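Below is one structure, written out as structure tokens; comments come after it.
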Amino acid sequence: MSKDKVLELRNKIDFHNIPNHVAIIMDGNGRWAKKRFLPRTAGHQEGMKRVMDIVEVAKKLNIKYLSLYAFSTENWKRPQEEIDGLMKILVYYIRSELEKIHENNIRIQVMGDITKLPKTPKGEVEKAMEKTKNNSKMILNIGLNYGGRDEIIYGIKNILEDIKMGKIDEDDITTELFSKYIYTQNLPDPDLLIRPSGELRLSNFMLYQIAYTEFWFSDIYWPDFKEEYFYKAIIDYQKRNRRFGGI
Ligand code: FPP
């Protein structure tokens, strides 16, 4: 798409109605690579470049929370070579981009059980969270070893623990309270969920949080997800009539 066309799209965005929280299932890296006779890891590498681009665009649009599905609890079933490749990409990008992310006042947060990650990526992720913990422009919330069902169980266990300790009573449990016991405790629910690559499913992503989220699907693969697609998703979102169960 030409620069003018991209700008034309951008100008259609209503800056008074920007989704506060955007969640993205970054899918299609493997098929993108296969189409080009490249190894799957090349798709992930290109996908990671889009992560950096989209973070930049989201920041400029004043999006406050961006949640990205990077590695699911089920992704451990992939060949070890692919898992190692993904972890290497993660480490490489944290090392090379953390300073810039920090300068941009972006806070890196993780949802998922990172204790199960190999030592180096785990250490780099912890370093990134610690360094950026006081940043306030945007929260970049990355799903790593993340599963929506897993998260619900994690929340239940946390709540049971607080009941046992006498901190809360069973009768205190509400949907709002439960939200404080899961990974996204300091984040509002996503307003918009984007899934490229043509699959029309949630793949265990943010199951509790997306009760009233607007969905946007597209056939293009994540490594092709340039800023114009982000603009298209937001423009479509702004046409939706959100009723949250009301009329
Ligand atoms: C889905 O594509 C994508 C992933 C499982 C990984 C997403 C990761 C990145 C964008 C790179 C950054 C990596 C980390 C860990 C931060 P797929 O492989 O399922 O594609 P396919 O459905 O076409 O095979």
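For the record, in the sequence shown the residue sitting at position 120 is 125 according to our numbering, with numbers rising by one throughout.
Backbone N, C-alpha and C fix where the C-beta goes; we use that ideal spot for every residue, glycine too.
Every value quoted in this text rests on a predicted model; they were computed, and no experiment measured them.
Contact check, residue i vs residue j, beta carbons under 7 Å
i: Asp196; j: Asn25; result: yes
i: Met211; j: Gly117; result: no
i: Ile111; j: Lys162; result: no
i: Tyr188; j: Glu156; result: yes
i: Leu192; j: Ile215; result: no
i: Gln114; j: Ile144; result: yes
i: Tyr226; j: Gly90; result: no
i: Glu51; j: Val96; result: no
i: Ile94; j: His49; result: yes
i: Glu219; j: Tyr236; result: no
Distance between beta carbons of residue j and residue i, contact taken as under 8 Å
i: Arg55; j: Pro228; result: 6 Å
i: Arg36; j: Ser202; result: 7 Å
Among the options, the one whose alpha carbon lies nearest that of residue i
i: Gly148; options: Asn16, Lys17, Glu13 and Ala28; result: Ala28
i: Ile18; options: Gly251, Tyr234 and Arg248; result: Tyr234
i: Tyr217; options: Lys231, Arg245 and Ala238; result: Arg245
i: Thr78; options: Ile88, Asp58 and Leu43; result: Ile88
i: Val62; options: Ile252, Gly251 and Ile239; result: Ile239
i: Leu73; options: Tyr213, Met31 and Leu207; result: Met31
First and last residue of the uninterrupted beta strand (DSSP E) at residue i
i: Gln114; result: Ile111 to Met116
i: Arg200; result: Leu197 to Arg200
i: Tyr151; result: Met143 to Tyr151
i: Glu219; result: Glu219 to Phe222
Unbroken alpha helix (DSSP H) run spanning residue i, endpoints
i: Leu103; result: Gln85 to Glu108
i: Leu205; result: Segment: none, Leu205 is in no alpha helix (DSSP H) and carries neither H nor E.
Query raised in the report: Counting only runs that start and end within the stretch 8 to 76, where is the beta strand (DSSP E) found for 3 or more residues in a row?
Result: 26 to 30
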